[in-house]
Every structure is written in C-alpha cells, then in structure tokens.
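Visitor: Below are the structure tokens for one structure; questions will follow.
2 protein chains.
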Amino acid sequence: MNIGQASEASGVSAKMIRYYEEIGLIRPMGRTGNNYRVYGDEEVHVLRFIKRARNLGFSLEETETLLKLWQDKDRTSAAVKDVAQAHIGDLERRIAEMQGMVKTLKHLAHCCGGDHRPNCPILDDLAGEAPAVPVKTAPVKTGPVKTGTSA
Amino acid sequence: MNIGQASEASGVSAKMIRYYEEIGLIRPMGRTGNNYRVYGDEEVHVLRFIKRARNLGFSLEETETLLKLWQDKDRTSAAVKDVAQAHIGDLERRIAEMQGMVKTLKHLAHCCGGDHRPNCPILDDLAGEAPAVPVKTAPVKTGPVKTGTSA
DNA sequence: CTTGACCTTCCCATGATGGGAAGGTCCACA
DNA sequence: TGTGGACCTTCCCATCATGGGAAGGTCAAG
Numbered sequence: 005m006n007i008g009q010a011s012e013a014s015g016v017s018a019k020m021i022r023y024y025e026e027i028g029l030i031r032p033m034g035r036t037g038n039n040y041r042v043y044g045d046e047e048v049h050v051l052r053f054i055k056r057a058r059n060l061g062f063s064l065e066e067t068e069t070l071l072k073l074w075q076d077k078d079r080t081s082a083a084v085k086d087v088a089q090a091h092i093g094d095l096e097r098r099i100a101e102m103q104g105m106v107k108t109l110k111h112l113a114h115c116c117g118g119d120h121r122p123n124c125p126i127l128d129d130l131a132g133e134a135p136a137v138p139v140k141t142a143p144v145k146t147g148p149v150k151t152g153t154s155a
Numbered sequence: 005m006n007i008g009q010a011s012e013a014s015g016v017s018a019k020m021i022r023y024y025e026e027i028g029l030i031r032p033m034g035r036t037g038n039n040y041r042v043y044g045d046e047e048v049h050v051l052r053f054i055k056r057a058r059n060l061g062f063s064l065e066e067t068e069t070l071l072k073l074w075q076d077k078d079r080t081s082a083a084v085k086d087v088a089q090a091h092i093g094d095l096e097r098r099i100a101e102m103q104g105m106v107k108t109l110k111h112l113a114h115c116c117g118g119d120h121r122p123n124c125p126i127l128d129d130l131a132g133e134a135p136a137v138p139v140k141t142a143p144v145k146t147g148p149v150k151t152g153t154s155a
C-alpha cells in the first residue's frame, strides 16, 4: 500500500502521514526500490488511532502518550484515564471561557439597535465607555482543537 | 510616552504593539530623535480597544474591522452587530464541538476502571474497537481564542 | 513514447504570541 | 566623567498542526 492508499484508508492526509513520521509519532516506514513508503494494515490502524484521538481534541503530544500506552501491554488503565481527564479539564476550561465571551457578546448585541444609526453599545464597550458587563473570563489557554468530521 | 509605558497603560505587550503596527492594524507611530516610538492617550485608547476585542475572542482581522467601524462616524450599528453575531456563531459552533468531545470522553472515562489493569475502553475506542459512542461532531473550525485575563 | 497519476523532498504560509540576540540610548548616581 | 542598568531598536526563531506548491523521479496504461 502506498501513502495515498494509506491516507485514503485512514483519513489522514499524505502530508500529515509524512509529518507524523518526521516528528517521530509513527515509525519510519519501509520503502520500496523506488523510494516509495509502504504501508500495511497495522500502520493504517495506528493512523486511524491518531485520527480518532485528534478528533477528540487531543494534541499530538497527548496522542503520542496514548499511542504508547496503547502499545504498552503493561499499561494501567489509570494512566490512560488520567490523560483523558486532564484533557476533559482543558476542554471544559476553554468552553467556559468561550461561554463567557458569548454571554457578554449576546448581551451587547441585544443592547445594540442593529439599525442604520451609528450609535452602538458594542463599540462603546470595546472602547471602554459604558462597561456594560465587566466580564471576568479566567486566564485560560484556549488552544488548538481543529477537528474535521469525526470518524 | 514610550512603548513600555503604552504597554503598561494598555495591557498590550510591547512586542504585540510593534507587531500590530507592522501588520497595519495601528498606524506607525511618530518617533523621537532617538528612534523611539512615541504614544499618546489616543493611541493607548486604541490599544485598549484592541485588547478588549481580543479578550472577547475576535480575531485580529475582525478587530481591524471593528476598529474601522469605531473610527467611522458614518457606520451603522447594524454593521457592528453583524460582526458580533458572526463571531457569536463561531464561538457557539466551537463550543458545541468541544462539548461533543467532552461528552464522549466523559462517557469513555466513566467506563474506564482507572485501575492497575491494562484493559481500557478509552484505548479500545481510539483503536476503533468497541465504538462505544459514535460521536458526530460537525466539521467546525475550532481556531484561535487564546485570551488572557480579560480587561 | 507520451501522458497523467502517483511518489519524493524542500520551502513557505497560517495566527498570535513569546524568546532572545545584538546593538543603540538615556538617566541617575558615584 | 564614567558606568551600570533599564530602556529602546531591529531581526530571527519557535510555537501548533496543517496545507500549498514547486521541482523532480517513477510507474502504468494507452
């Protein structure tokens, strides 16, 4: 199986497969005489694992950890659960932060006429005048999570 | 006022102030004889506007739009509201996507013993076996939003 | 033998931010 | 007057995960 077929079968782009190999997330594949990478079902399975982890919002680093745990027969399910729960915490923090933004924005939008006149409470708020809702969003790192359609 | 003081007064790092100037978000500042940028209250006000917009999750591009509307006396509040509502939609999509992830992850974590044994439904799910919850997250772009403490 | 669909590597861009080097400037204090 | 430290300047690099595209090799079918 060439990289194109592995890509097709796993849902991971050829570009990304090469990248994952480059950063050591997956082992360098064997090559045919023409220098083409060769993949088997085993490799596709790994790629799908990665794909699924990414779809659940795990970073590549977390994904690597999970991948190692998956391949480690002496793992404890507690170790896996820890990774998952840390990630859940991450997501929940980011969700809360964004919900705070939405709340403020909805309030401002509600107060805004949305008509032909220039007067606008949204801009007033941004400009620091009329601090309608002094929202207190926590200092949270709202990072990646770029997921495409999930598997 | 030097860049350090403007930074202090606006909450925008000196690094970012220079960057905003470079990308044309703010006008190039005047310089003193020693080539230092000089800032006045006007500029600090603009920087705080940007800071606040960023805290509400607007991208720099959206922030630029808002900034222009703010400075345009012929704007309509409808135009501003449109930008805000598009952003609310964005945020809500991302929130929904992340909530889907959390839901799946919580279910998996719940099913996971979290003990010393290797058996783990989380890994089983990632590996494609036992597709416990075939979550259907929509293909949403869950991008930036990196906000620090809000103003 | 040509055409087109693959594959390869290499470099660049994204978005917003920080880190840090190398060098100039300014002020306060001894 | 000198000097140290706190500023400022520009320039380059890193992040994170991904895509775009160029330049060139390979292969299979027509």
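Those protein sequence lines, which keep their order, are chains H and P. Residues in the first sequence are numbered from 5 upward in steps of one, following the numbering used here. Residues in the second sequence are numbered from 5 upward in steps of one, following the numbering used here. By construction, the Cβ of each residue, glycine as well, lies at the ideal position given by its N, Cα and C atoms.
#1: I want to see whether chain P comes within less than 8 Å of residue 51 of chain H, judged by CB atoms only; does it?
#2: Please give the ranges of any alpha helix (DSSP H) in the stretch 46–94 of chain H, keeping only runs that are unbroken, at least 4 residues long and fully inside the region.
#3: Check the Cβ-Cβ distances between residue 17 of chain P and every residue of chain H, and say whether any is below 8 Å.
#4: Starting from residue 13 of chain H, trace the alpha helix (DSSP H) in both directions and tell me its first and last residue.
#5: So, does the CB of residue 122 of chain P fall closer than 8 Å to a CB anywhere in chain H?
#6: Is there contact between the stretch 95–114 of chain H and the stretch 70–89 of chain P, where contact requires at least three CB pairs shorter than 8 Å?
#7: With DSSP as the reference, label residue 31 of chain H as helix, strand or coil.
#8: Answer yes or no: do residue 125 of chain H and residue 116 of chain H have a C-beta to C-beta separation smaller than 8 Å?
#9: Out of H/38, H/10 and H/30, which has the shortest C-alpha to C-alpha gap to residue 67 of chain H?
#10: How close, in whole Å, do the beta carbons of residue 27 of chain P and residue 51 of chain P come, if the pair is a contact with beta carbons under 8 Å?
#11: Going by DSSP in three states, residue 121 of chain P sits in which element: helix, strand or coil?
#12: Note down, in chain order, every chain H residue with its Cβ under 9 Å from the Cβ of residue 20 of chain P.
#13: Would residue 65 of chain H pass as an interface residue toward chain P - the criterion being a Cβ-Cβ separation below 8 Å?
#14: Can you check which of these residues, P/54, P/10, P/60 and P/72, is closest to residue 42 of chain P by C-alpha distance?
#15: Could you check the C-alpha separation between residue 106 of chain P and residue 80 of chain P for me, to the nearest Å?
Guide: Quick look at the numbers:
#1: Residue numbering aside, residue 51 of chain H sits at position 47 when the first sequence is read from its first letter. Judged by the 8 Å Cβ criterion, residue 51 of chain H is not in contact with chain P.
#2: 64–75
#3: Within the second sequence, residue 17 of chain P is the residue found at index 13, counting from 1. Not closer than 8 Å to any Cβ of chain H, the Cβ of residue 17 of chain P fails to qualify, so no.
#4: Taking the first residue of the first sequence as position 1, residue 13 of chain H is located at position 9. 7–14 is the span of the alpha helix (DSSP H), which, as asked, contains residue 13 of chain H.
#5: Locating residue 122 of chain P in the second sequence gives position 118, counting from the first residue. It does: the Cβ of residue 122 of chain P has a partner Cβ on chain H nearer than 8 Å.
#6: yes
#7: Numbered from its first residue, the first sequence carries residue 31 of chain H at position 27. Of the three classes helix, strand and coil, the one that applies to residue 31 of chain H here is coil, per DSSP.
#8: Reading the first sequence from its first residue, position 121 is the one you call residue 125 of chain H. Reading the first sequence from its first residue, position 112 is the one you call residue 116 of chain H. At the C-beta level, residue 125 of chain H and residue 116 of chain H come within 8 Å of one another.
#9: Residue 67 of chain H sits at position 63 when you count from the first residue of the first sequence. Cα-wise, what sits closest to residue 67 of chain H is H/30.
#10: Here residue 27 of chain P refers to the residue found at position 23 when the second sequence is read from its first residue. Here residue 51 of chain P refers to the residue found at position 47 when the second sequence is read from its first residue. Incorrect: roughly 14 Å between the Cβ atoms, too far for contact.
#11: The residue labelled residue 121 of chain P in the question sits at position 117 within the second sequence. If DSSP states are grouped into helix, strand and coil, residue 121 of chain P belongs with coil.
#12: Along the second sequence, one-based indexing puts residue 20 of chain P at 16. Under the 9 Å cutoff, chain H gives no residues; its nearest Cβ is about 16 Å from residue 20 of chain P.
#13: Reading the first sequence from its first residue, position 61 is the one you call residue 65 of chain H. No, its Cβ sits nowhere closer than 8 Å to a Cβ of chain P.
#14: If you number the second sequence from 1, residue 42 of chain P lands on position 38. Nearest C-alpha to residue 42 of chain P: P/10.
#15: Here the question's residue 106 of chain P lines up with position 102 in the second sequence. Here the question's residue 80 of chain P lines up with position 76 in the second sequence. Taking the straight line from one Cα to the other gives about 40 Å.
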